[in-house]
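Residue numbers (the numbering used here): 161 to 350.
Scroll down for the structure; my scribbles are underneath it.
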Ligand SMILES: [Zn+2]
């Protein structure tokens, strides 16, 4: 039962923009308290009583309750919440490599993870910061070749400008790779 309560649930603000990934436990609190509605696979919204009466499908995670079972919602709608917080995910080596799909941003190769480095686009020794916008995945040969130069000085073009992850990638990182199909329509736009 504890595992079920830890199932990730995507939370949307009133404009249906992702604001958070929470747990089923918290989602049920919000749903029961009337702060949120559950959204089903067809995009319809349900309050707690309506949601409780929904039949459980094979693919659902379920919570045993008195007198039956309760579907864990995949998506929750905070119908009064207006803010649009930025996606927030920790700046780590692992997450940087996930952002870059484990691909060297200079030559495009995808060597094993152990042969990948994190490269400062503007080198650290020249004031380049540790930020999403200044760090990229790089293979060891490219990292060596670039050395203490900027990409321009080394004549090494970046595949794309490094960026802070948006919600689509953040959700993927927060749930450890597997996203639910029900999340896709809401993550696409962000
Ligand atoms: Zn490379």
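Backbone N, C-alpha and C fix where the C-beta goes; we use that ideal spot for every residue, glycine too.
Less than 6 Å separating the Cβ of residue i from some heavy atom of ligand 1?
i           : result
residue 306 : no
residue 410 : Since the first residue of the chain shown is 161 and the last is 350, residue 410 is not available in this structure.
residue 269 : yes
residue 189 : no
residue 266 : yes
residue 359 : With the chain represented from 161 up to 350, any question about residue 359 goes unanswered, as that position is not in the structure.
Taking the alpha carbon of residue i as the point to measure from, which residue in the options has its own alpha carbon closest?
i           : options            : result
residue 167 : 293, 206, 208, 188 : 188
residue 305 : 215, 192, 239, 267 : 267
residue 292 : 257, 208, 165, 163 : 257
residue 344 : 228, 186, 172      : 172
residue 319 : 308, 203, 302      : 302
Can residue i and residue j be called in contact, C-beta distance under 7 Å?
i           : j           : result
residue 205 : residue 197 : yes
residue 224 : residue 169 : no
residue 295 : residue 327 : no
residue 330 : residue 235 : no
residue 297 : residue 260 : yes
residue 300 : residue 275 : yes
residue 191 : residue 208 : yes
residue 313 : residue 201 : no
Who are the Cβ neighbours of residue i in its own chain at under 8 Å, not counting the five residues just before and after it?
i           : result
residue 222 : 164, 216, 229, 230, 231, 232
residue 174 : 237, 238, 239, 240, 241, 242
**OP:** Evaluate contact between the segment 237 to 257 and the segment 172 to 191, counting only Cβ atoms and requiring at least three cross-stretch pairs below 8 Å.
**Re:** yes
**OP:** Assess, as a yes-or-no matter, whether the segment 273 to 285 is touched by the segment 210 to 219 under the definition of 3 or more beta carbon pairs within less than 8 Å.
**Re:** no
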